[in-house]
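Top to bottom, those sequences are chains A and B.
In the numbering used here, each residue carries its 1-based index in the first sequence increased by 50.
The second sequence: position 66 = 51 (the numbering used here), numbered continuously.
Using N, Cα and C, we set each Cβ at its ideal position, and we do this for glycine too.
Everything on this sheet refers to the single structure shown next.
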Amino acid sequence: MATVSRARAQQLRQLIGDPSEVAQDLAKFREAATALSSAHPRFIEKYPQKWVAVLANKKVIASDSLDVLLGQLDEKGISREHVIVRFIDRSDRTLFL
Amino acid sequence: MPIVGRFGDTTRRPYIEGRLFLPRLGIRADLSFLVDTGADGVFIMPGDALRMGVDYTSLVLSPHPAIGVGGETRDFLEPAVLVFDDSRQLYVYDTFVTIGHLDPNLLAVPSLLGRSVLDRWHLTYRPSQARLEAVPDSADITMLIPGDFDSISPSTPRT
């Protein structure tokens, strides 16, 4: 299945690191994303027109602006790598890309 | 084992989570990608780029404009590595992603997983059964995940 040179494959393995750790991180991130999705109707009532971050422990941080929210994460020493961030849009906008 | 995605509870949009590395910028982050067979490649929206800490002054303009419903734009092209997992192994794609320009209207739009990756997968898209699965036909490399991750992975479709 590999389509890159052996040397490049080695570089990629070094970049990615421990596969178990990646899988565990992704599983937690997927859980947070799913939690955010299932909470969305409640969030529309609780955090309308706000940016929210759902952490791996399901804790929620909300703010009026993305910049402020990201600043709050940084201040609290929370890594942005594994945090799902979404804008809670009260309007039911149709998405066409 | 397939890579298991999900459908948004309210939007019903199809998502798959993965890890993105931008090696030139020293950045890695987990992302929730909107599955978009209409997108030619992987498009990182500015909201995700800001969350990841992308410094826009260090980006390189794409040689080609992008076109979408919003019209034609000039965005940024960046070498990238994408990783997805099926709880048994990691599937790794050594590729490029487009990073969207800083348009406030795009901040809340999810990043797109387009055909540069999707063309290498067999997709099952069955929203009526909350079933979104991908079986990779190819990857640039794969990495086995030691141990049994069934117990920790929520990689089962929501019912």
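CB-CB length for residue i against residue j, believed under 8 angstroms
| i | j | result |
| --- | --- | --- |
| Asp122 of chain B | Arg105 of chain B | 6 angstroms |
| Ala83 of chain A | Ile134 of chain A | 5 angstroms |
| Ala112 of chain A | Lys100 of chain A | 5 angstroms |
| Leu46 of chain B | Arg59 of chain B | 6 angstroms |
| Arg130 of chain A | Arg36 of chain B | 5 angstroms |
| Glu57 of chain B | Pro50 of chain B | 5 angstroms |
| Pro98 of chain A | Thr(-5) of chain B | Not quite, the Cβ-Cβ distance comes to about 13 angstroms (not below 8 angstroms), so this is no contact. |
| Asp70 of chain B | Ile29 of chain B | Not confirmed; about 20 angstroms, so no contact. |
| Val110 of chain A | Val104 of chain A | 6 angstroms |
| Leu116 of chain A | Leu92 of chain B | 6 angstroms |
Chain A contact for residue i (CB, 8 angstroms cutoff)
| i | result |
| --- | --- |
| Phe81 of chain B | no |
| Thr(-5) of chain B | yes |
| Ile130 of chain B | yes |
| Leu108 of chain B | no |
| Gly32 of chain B | yes |
| Asp104 of chain B | no |
| Asp125 of chain B | yes |
| Arg36 of chain B | yes |
| Thr141 of chain B | Because the pLDDT at Thr141 of chain B is just 42, under 50, the model does not fix this residue reliably, and the value given afterwards should be weighed accordingly. So no, Thr141 of chain B is outside the interface. |
| Asp21 of chain B | yes |
| Arg(-9) of chain B | yes |
| Leu92 of chain B | yes |
| Thr144 of chain B | Confidence is the limiting factor: at Thr144 of chain B the pLDDT is only 34, short of 50, which leaves the residue's position unreliable and the question unanswerable from this model. |
| Leu98 of chain B | no |
Proximity test, Cβ basis, 8 angstroms: residue i and chain B
| i | result |
| --- | --- |
| Leu62 of chain A | yes |
| Val118 of chain A | no |
| Ile134 of chain A | yes |
| Glu125 of chain A | no |
| Arg140 of chain A | no |
Cβ shell of residue i (< 7 angstroms), same chain only, five flanking positions each side left out
| i | result |
| --- | --- |
| Pro112 of chain B | Phe(-8) and Arg(-3) |
| Asp79 of chain B | Val66 and Asp125 |
Sequence-distant residues of its chain with Cβ nearer than 6 angstroms to residue i (five each side left out)
| i | result |
| --- | --- |
| Asp139 of chain A | none |
| Glu118 of chain B | Pro(-13), Val(-11) and Thr109 |
| Glu2 of chain B | Ser17 |
| Phe6 of chain B | Arg13 and Val66 |
Contacting residues, own chain, Cβ-Cβ under 8 angstroms from residue i (five flanking each side not counted)
| i | result |
| --- | --- |
| Val39 of chain A | Given a span of 51 to 147 for chain A in the structure shown, any question on residue 39 of chain A remains unanswerable. |
| Asp33 of chain B | Ala14, Leu16, Pro95 and Ser96 |
| Val77 of chain B | Val66, Leu67, Val68, Ala124, Asp125, Ile126, Thr127 and Met128 |
| Asp25 of chain B | Gly99, Arg100 and Ser101 |
**Asked** Listed in chain order, which residues of the region 38 to 60 of chain B have Cβ atoms closer than 9 angstroms to some Cβ of chain A?
**Response** Hits within the stretch, in order: Gly38, Gly53, Val54 and Gly55.
**Message:** Give me the subset of the region 57 to 85 of chain A whose CB atoms are less than 8 angstroms from a CB atom of chain B, sorted by chain position.
**Reply:** Within the region 57 to 85 of chain A, the residues whose Cβ lies closer than 8 angstroms to some Cβ of chain B are Arg58, Ala59, Leu62, Arg63, Leu65, Ile66, Pro69, Ser70, Val72, Ala73, Gln74, Asp75, Leu76, Ala77, Phe79, Arg80, Glu81, Ala83 and Thr84, listed in chain order.
**Prompt:** Going along the region 84 to 116 of chain A in order, which residues come within less than 7 angstroms of chain B, judged by CB to CB distance?
**Reply:** Thr84, Ser87, Ser88, His90, Pro91 and Leu116
**Message:** Extract the residue ranges of the alpha helix (DSSP H) inside the region 74 to 144 of chain B, only unbroken runs of 4 or more that lie entirely within it.
**Reply:** 100 to 103
**Request:** Starting from the N-terminal side, write out each stretch of the alpha helix (DSSP H) that is 4 residues or longer and does not extend beyond the region 84 to 125 of chain A.
**Result:** Within the region 84 to 125 of chain A, the alpha helix (DSSP H) runs of at least 4 residues that lie entirely inside it are, in chain order, 116 to 125.
**Request:** Compile a chain-ordered list of the residues in the region 111 to 123 of chain B whose CB is closer than 9 angstroms to at least one CB of chain A.
**Result:** Pro121, Asp122 and Ser123
**Residues from the region -5 to 17 of chain B in contact with chain A, defined by Cβ distance under 8 angstroms** = Answer in chain order: Thr(-5), Thr(-4), Arg(-2), Tyr0, Glu2, Gly3, Arg4, Phe6, Pro8, Arg13, Ala14, Asp15 and Ser17.
**Request:** Give the residues from the region 62 to 80 of chain B that approach chain A closer than 7 angstroms (Cβ to any Cβ), ordered along the chain.
**Result:** For the region 62 to 80 of chain B, the set of residues with a beta-carbon nearer than 7 angstroms to any beta-carbon of chain A comprises Val66, Val68, Asp70, Ser72, Leu75, Val77 and Asp79, in chain order.
**Secondary structure, beta strand (DSSP E): runs of 3+ residues fully inside the region 23 to 64 of chain B** = 51 to 53 and 56 to 58
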